[in-house]
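Below is one structure, written out as structure tokens, with a few remarks after it.
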Amino acid sequence: MSRFPVLLGLGLTATLLSSASQAGGGHVPVTSNPARPAAARPTTATPTPASAATFRNPVLDENFPDPGILRVGKVYHAYSTNGGGANVPHAVSRDLVHWEVTGDAMPVLPPWAIGGRTWAPEVTQIGGGFALYFTALDEASGRQCIGVATAASPAGPFRDASRKPLVCQIGEGGSIDASPFKDADGKRYLLWKNDGNCCSQPTNLYLQPLSADGLKLTGKASALIQNFQLWEGNVIEAPTLYRAGGVYYLLYSAGPYDSDLYAVGYATAPRVTGPYKKAPENPILVSKGEVAGPGHQTVVTDGAGKTWLAYHAWTAPLTSDAVGGYRSLRLDPVTFAGGRVKVAGPTLTPQRAPTP
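Following UniProt numbering, the numbering of the sequence shown begins with 1 at its first residue and continues without gaps.
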């Protein structure tokens, strides 16, 4: 994903699935979009009212691209690409509908990173602490690379004192959109995308085992899928891995992020390492009405166990930061059954609200 100024995001439960994934929508070469002005103090987003038991998208009508969400207890923590002076904008909610932007979850970047391009953060809980996976500009290589930071609280401050990135495929254009996944057997993995579209190379989604503390890669990386379907264009990104009924569902976004062609698809596999087969009905979440370029999805579960897809989208026709557009946070129901993923969205009208 080619990300830039951002304010917030969504994720999932303590075993985060997100997506990992990067900037909201087809990554672009090393260029940057101007950030949308952010409020000087925490803000509360109030969705358009419908009734006490319903809500209407967007749930956060601000610039909040590449969302990642983590549920800790009864509180949802959302993180997004940099913006408004924050490296990792952080927001909280108790119902997935009403969000308050609280500040910067990682105010200080590691020694290897240059500020201004901190993309697609996702957080997972490990023991009594938390690990944040993020993308940033590596000063040494000039590529976007992946790092990991830790904190005692999901609100941060997250810190990474390492002198080099965790993942940096310099020869493949760099690495972005990291997304952690914890399998049913307790093993941890990291998914990401090589940023090949930055330099006329193919883009692949990768998966590699993580150490028990989530801070080191172990074993070998597996290339899961590559961009080859017509709708994907020259980029696939923002991997999100979810397991249900013994099937591994790999959601991803594809296409130019700053257009109404950006969309969400998926692939399935019987094992975490694959082989993954892309769904013939792809893409499954596309532009509709004023909702343009939905993507950089993440899966989150509400208090009743219902699964939701959180994602960002532009409001047509403003599909670029350069023309005053911004990617707001949206939420729609998603189901995983029988090897198929179905998203009831993007919605434009009131719908039943999640159970806190």
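Yeah, the Cβ is synthetic: ideal placement off N, Cα and C, and Gly gets one too.
Query, Result
"According to DSSP, P333 sits in a beta bridge with which residue or residues?", "W308"
"With DSSP collapsed to three states, give me the class of I170.", "helix"
"Where do the ends of the beta strand (DSSP E) carrying K193 lie?", "R188 to N194"
"Measure the alpha-carbon distance for C145 versus A53 and round it to whole angstroms.", "42 angstroms"
"Nearest by alpha-carbon distance to N197: which of S175, D183, K182 and T118 is it?", "S175"
"So L191 and S179 are in contact, right, with Cβ under 8 angstroms, and what is the actual spacing, rounded?", "5 angstroms"
"Could you check what DSSP says for T48 in three-state terms: helix, strand or coil?", "Low per-residue confidence applies at T48: pLDDT is 49, beneath 50, and the placement is therefore not dependable, though the value from the model is reported in the following sentence. Note: T48 maps to coil in three-state DSSP."
"Taking C-alpha atoms, which residue in L348, S287 and V334 lies nearest to T319?", "S287"
"Per DSSP, what kind of secondary structure is A149 in: helix, strand or coil?", "strand"
"Among A140, F336 and K74, which has the Cα closest to the Cα of G246?", "F336"
"Across which residues does DSSP place T268 in a beta bridge pair?", "Y249 and K277"
"From the DSSP secondary-structure annotation, give me the bridge partner or partners of D138.", "A113"
"Considering only residues of the same chain and omitting the five flanking positions on each side of P154, which have a CB-CB separation below 7 angstroms?", "L70, V72, H77, V123 and F130"
"With E100 as the anchor, note down where its beta strand (DSSP E) starts and where it stops.", "W99 to D104"
"Do the CB positions of R163 and A149 come within less than 7 angstroms of each other?", "no"
"Under DSSP, the beta strand (DSSP E) around E290 begins and ends at which residues?", "Taken as a continuous stretch (DSSP letters only), E290 belongs to no beta strand (DSSP E), as it is neither H nor E."
"In whole angstroms, what is the alpha-carbon distance linking S32 and A322?", "Note that S32 scores 32 on pLDDT, short of 50, meaning its location in the model is unreliable; the coordinates nonetheless yield the value given after this. Going from the Cα of S32 to the Cα of A322 covers about 10 angstroms."
"For D177, which three-state DSSP category applies?", "strand"
"Taking I284 as part of the beta strand (DSSP E), name the residues at either end of that continuous run.", "Neither: I284 is in no beta strand (DSSP E) and is coded neither H nor E."
"Taking DSSP's pairing of strands, which residues face T301 in a bridge?", "T307"
"For the beta strand (DSSP E) holding R340, just list the boundary residues, first then last.", "R340 to V343"
"According to DSSP, is E62 part of a helix, a strand, or is it coil?", "coil"
"Would A263 be called buried (16 or more neighbouring beta carbons within 10 Å of its own) or exposed?", "buried"
"Using the Cα positions of G156 and T315, report the straight-line distance between them to the nearest angstrom.", "31 angstroms"
"Take Q125 as the anchor and find which of D95, K182, E62 and Y252 has the nearest alpha-carbon.", "K182"
"Given T349, which residues of its chain have a CB within under 8 angstroms of its CB, disregarding the five upstream and five downstream residues?", "R56"
"If we ignore side chains and look at the alpha-carbon of each, how far apart do G128 and L230 end up?", "44 angstroms"
"Could you say if the segment 209-219 and the segment 235-244 meet the contact criterion of at least three C-beta pairs nearer than 8 angstroms?", "no"
"Assuming P354 contacts K306 (C-beta within less than 8 angstroms), just tell me the rounded distance between them.", "7 angstroms"
"Out of L210, N234 and L250, which has the shortest C-alpha to C-alpha gap to C199?", "N234"
"Report buried or exposed for G84, applying the criterion of at least 16 other Cβ atoms within 10 angstroms of its Cβ.", "buried"
"In this structure, how does DSSP classify V323 when only helix, strand and coil are distinguished?", "helix"
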